[in-house]
Amino acid sequence: KNQVEQSPQSLIILEGKNCTLQCNYTVSPFSNLRWYKQDTGRGPVSLTIMTFSENTKSNGRYTATLDADTKQSSLHITASQLSDSASYICVVKPRNRDDKIIFGKGTRLHILP
Amino acid sequence: DARVTQTPRHKVTEMGQEVTMRCQPILGHNTVFWYRQTMMQGLELLAYFRNRAPLDDSGMPKDRFSAEMPDATLATLKIQPSEPRDSAVYFCASGLEQLHQPQHFGDGTRLSIL
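Line by line, the protein sequences give chains H and E. For the first sequence, my numbering assigns the number 1 to the initial residue and increments by one for each residue that follows. For the second sequence, my numbering assigns the number 114 to the initial residue and increments by one for each residue that follows.
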């Protein structure tokens, strides 16, 4: 069964610190893996999209990595800011068009001043 | 920036009532998705349209949910009759069919069924 598991469920860090969020998936083969940021009361916003052949993608202070062998992805946030407080959702799109996109349940990140 | 617009943003109604949620996708996008988000389940795909044609609605309870795209600027999701377990945030997203393009989400309709 295709699954996406994210860890930790929640994380609290001080402003200015770095952090890494994890995503493990069983979807295979897959077309792409995406990270979304969801602010409270808003819809998810795309941060990065990586195909199965890519192993890193950056968007400002956000860097996503992908290890297709171990079926793991991580999202690294550098020099965190208060505005980074949000949920971060890992999403995997299977290569088979008939299979649904699989969403992780997200990591809730809190940045403290 | 172009945005996906959803209305209403909030809806509170009694069990058994009909609920209609609307979505205006981004102009030029040819795919539209409806999702439901709850604390327990996270985001779940309910329905998916490409070029206004429904491709997948297997995520919806067929007896009470229906999704349509009467034209390229409007997608609707209806629940009739509504039940308390339908309480959730419903998101619409639109995108381009090309590979590796992101979906653009609206800010959702927060639905509470009493």
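All C-beta atoms, glycine included, are put in the ideal place defined by N, C-alpha and C.
* Following the continuous beta strand (DSSP E) through E:Leu209, name the residue where it begins and the one where it ends. => No beta strand (DSSP E) holds E:Leu209; DSSP gives it neither H nor E.
* Can you tell me the Cα-Cα spacing of H:Asp69 and H:Ile111, whole angstroms? -> 32 Å
* Relative to chain H, which residues along the segment 140-161 of chain E have a C-beta separation below 7 Å, given in chain order? -> Gly155, Leu156 and Leu158
* Asked: For H:Lys1 and chain E, any beta-carbon pair shorter than 9 Å?
  -> no
* Asked: From H:Leu75 to E:Ala115, what distance separates their C-alpha atoms?
  -> 27 Å
* **Members of the segment 174-196 of chain E near chain H, C-beta cut-off 7 Å** => none
* Run through DSSP, which three-state label would E:Leu227 get? -> coil
* E:Gly155 and H:Gly43: beta carbons closer than 9 Å? -> no
* To do: Tell me whether the beta-carbon of H:Cys90 lies closer than 9 Å to the beta-carbon of H:Gln38.
  => no
* Compare the C-alpha of H:Leu47 against each of E:Arg223, E:Ile226, E:Leu224 and E:His217 and name the closest. => E:His217
* Contact the segment 8-22 of chain H vs the segment 75-87 of chain H: 3+ CB pairs below 8 Å -> yes
* To do: Determine the direct distance from the alpha carbon of E:Thr144 to that of E:Leu168, and round the result to whole angstroms.
  => 10 Å
* Taking DSSP as the reference, what is the three-state secondary structure of E:Ser195? -> coil
* Is H:Gln119 near H:Thr26, with beta carbons less than 9 Å apart? -> Look at the range of chain H in this structure, 1 to 113, and you will see that residue 119 of chain H is not part of it.
* E:Gln186 and E:Pro121: beta carbons closer than 9 Å? -> It is worth fixing the name first, because residue 186 of chain E is Thr in this sequence and not Gln. No; because the gap between Cβ atoms is not below 9 Å, this pair is not in contact.
* To do: Compile a chain-ordered list of the residues in the segment 44-66 of chain H whose CB is closer than 8 Å to at least one CB of chain E.
  => Pro44, Val45, Ser46, Ile49 and Thr51
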